[in-house]
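S.K.: Start counting the first sequence at 127; every next residue gets the next number (the working numbering).
Think of the CB as a built atom: it goes at the ideal place given N, C-alpha and C, for glycine as much as any other residue.
Remember, predicted model here, so these are calculated numbers, not experimental data.
This is the structure I want to talk about, given as structure tokens.
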Amino acid sequence: MNTNEKVFEVRTNRLGRFELYQNGKLVQKVCRTCGKVKLASEFLRYTQGHYRPDCHECFNKWQRKYIQENRDLRTVYRQRNRAREVGAPDNYNLEDYLELKAFANGRCMISGKKTDNLQVEHVQTLSKRVLGSTKGNIILVCEEVNQAKRDMSLFEFLQSERSRGLVDREQLERTIRYLADANGMTPQEYLDFLYRAEELAKDIKEFFENENKAN
DNA sequence: ATGGTGGATCAAATAGTCTT
DNA sequence: AAGACTATTTGATCCACCAT
127 MNTNEKVFEV RTNRLGRFEL YQNGKLVQKV CRTCGKVKLA SEFLRYTQGH
177 YRPDCHECFN KWQRKYIQEN RDLRTVYRQR NRAREVGAPD NYNLEDYLEL
227 KAFANGRCMI SGKKTDNLQV EHVQTLSKRV LGSTKGNIIL VCEEVNQAKR
277 DMSLFEFLQS ERSRGLVDRE QLERTIRYLA DANGMTPQEY LDFLYRAEEL
327 AKDIKEFFEN ENKAN
């Protein structure tokens, strides 16, 4: 008897669904969700090698929905990942973000403007690598403020022309109190802290510039 | 071109549950 | 209790927008 002979075998999985094997390898399988018989290659596999119960298409659909329903979580991941990329602190979490959203209550934390498009904003930009994505360094602002501030730290922004007409004094004070609190400091301590963080960022930048020259 | 943001998608990793 | 299986979470990327 030829040992290369193709041996087909029909099995039913735990849920009684059809699976077709050839020489012990899965060839076809029924998708749990759409119920269609599909090639094994149309199913993604887990890292451990098991096939997913849903076909690729149905898994993608499920995942889309999941992502829609967990947008806040995604926002948090993104900010964490971005911080990590530049080697900055990255311990921001969902709880921090939800608390921040509740605090902002639909208003820009700089201009006080009411908006349904609040964006995450780093008080000290990520590229400076010192404060990163941490609770005391992230606020929510309206699009205008975000665009205007861009690569400035909050205090550079406040001192620059770009902030003209975009700052509500009272709101700013509330925000600083919030940030100070998040860092377990008094507002004055917090401002000093931020100043030192900026100085540190400058030193780091210089260090790397010199490093590059040397090479 | 660059550096900040958000939205979406894809696939892999991890966490958790069920069976035996 | 281990291993088979599934549910959920995370990382990586690509795209668009906006103002220097």
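1) Give me whichever residues DSSP pairs with ILE265 in a beta bridge.
2) Quick one: Cα of PRO313 to Cα of ALA274, how far?
3) Give me the Cβ distance between TYR223 and ASP242, rounded to the nearest whole Å; I'm assuming they're in contact under 8 angstroms.
4) Going by DSSP in three states, LYS328 sits in which element: helix, strand or coil?
5) Could you give the residue range of the alpha helix (DSSP H) that holds LEU152?
6) Can the beta-carbon of GLU221 be found less than 7 angstroms from the beta-carbon of SER279?
7) Alpha carbons only, please: which of LYS240, GLY232 and CYS268 is nearest the one belonging to HIS248?
8) Using 8 angstroms as the threshold, is the stretch 184-198 in touch with the stretch 136-155, meaning 3 or more CB pairs across them?
9) For the alpha helix (DSSP H) containing PHE416, list its first residue and its last residue.
10) ARG208 and LEU252 look like a contact to me (Cβ under 8 angstroms); what is the Cβ gap, rounded to whole Å?
11) List the endpoints of the continuous beta strand (DSSP E) containing VAL202.
12) Pull up the distance between the alpha-carbon of LEU146 and that of GLN194, whole angstroms please.
M.R.: Looking at the atomic coordinates:
1) GLU247
2) Cα-Cα distance, rounded: 24 angstroms.
3) The pair is not a contact, with the Cβ atoms about 16 angstroms apart (cut-off 8 angstroms).
4) helix
5) No alpha helix (DSSP H) holds LEU152; the beta strand (DSSP E) holding it covers 151-156.
6) no
7) The shortest C-alpha separation from HIS248 is found at CYS268.
8) no
9) Nothing can be reported for residue 416: it is not among the residues displayed for the chain, which extend from 127 to 341.
10) ARG208 to LEU252, Cβ: 6 angstroms. Contact.
11) VAL202 -> not in any beta strand (DSSP E); alpha helix (DSSP H) instead, spanning 197-211.
12) Between the alpha carbons of LEU146 and GLN194 lies a distance of about 35 angstroms.
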